[in-house]
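Report on one structure; see the data block that follows.
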């Protein structure tokens with residue numbers, strides 16, 4: 026168990042190093058509790074979606090909770106908001122652009138309650154592999 030945790034922390038640091046190099050900033054890991062983004066630094070904000078256990082070519086799009094998009098717009102940081110997505114074969118970054126996503130309601134409703142919510146769907150063609 027300790028080895029798995031150590032391996033996970035190592036990979037998380039490697040991803041953060043790649044993202045900082047690509048974006049040209051040093052991110053502060055400490056964000057407020059329940060904050061809608063994971064990292065902030067140099068006037069840039071990053072929401073990092075943890076590693077997916079599939080290849081980036083498995084689906085034509087990836088998704089992020091639409092509430093994250095709405096909060097970025099409402100707080101005025103959308104022009105400096107980035108989203109990163111880790112896959113088995115690559116790490117992708119998408120800089121927020123209002124013209125590059127669509128919204129679809131998805132989720133489960135078979136566990137006794139409606140768990141569907143809106144998601145922003147982002148095409149891989151609009152993202153950059155780092």
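Residue numbers (the working numbering): 26 to 155. Just so it is clear, CB atoms sit at the ideal spot from N, CA and C, and this is done for glycine as well.
Item                                                                                                                : Value
Inter-stretch contact at 8 Å, needing at least 3 Cβ pairs: the region 124-136 / the region 57-77                    : no
Collapsed DSSP secondary structure at residue 74 in the structure displayed                                         : strand
CB contact below 9 Å: residue 73 versus chain D                                                                     : The structure shown contains no chain D; it holds only a single protein chain.
Helix, strand or coil at residue 66 according to DSSP, with G and I counted as helix                                : strand
Unbroken alpha helix (DSSP H) run spanning residue 99, endpoints                                                    : 91-99
Other residues of its chain near residue 77: CB distance less than 6 Å, five sequence neighbours each side excluded : 112
Segment contact flag, the region 94-102 with the region 130-138, C-beta cutoff 8 Å, min 3 pairs                     : no
Rounded straight-line distance, which links the Cα of residue 103 to that of residue 72                             : 12 Å
Short Cβ contact (9 Å threshold) for residue 91 with residue 142                                                    : yes
Backbone CA spacing between residue 139 and residue 79 [nearest angstrom]                                           : 27 Å
Sheet register partners of residue 106 (DSSP bridge)                                                                : 70
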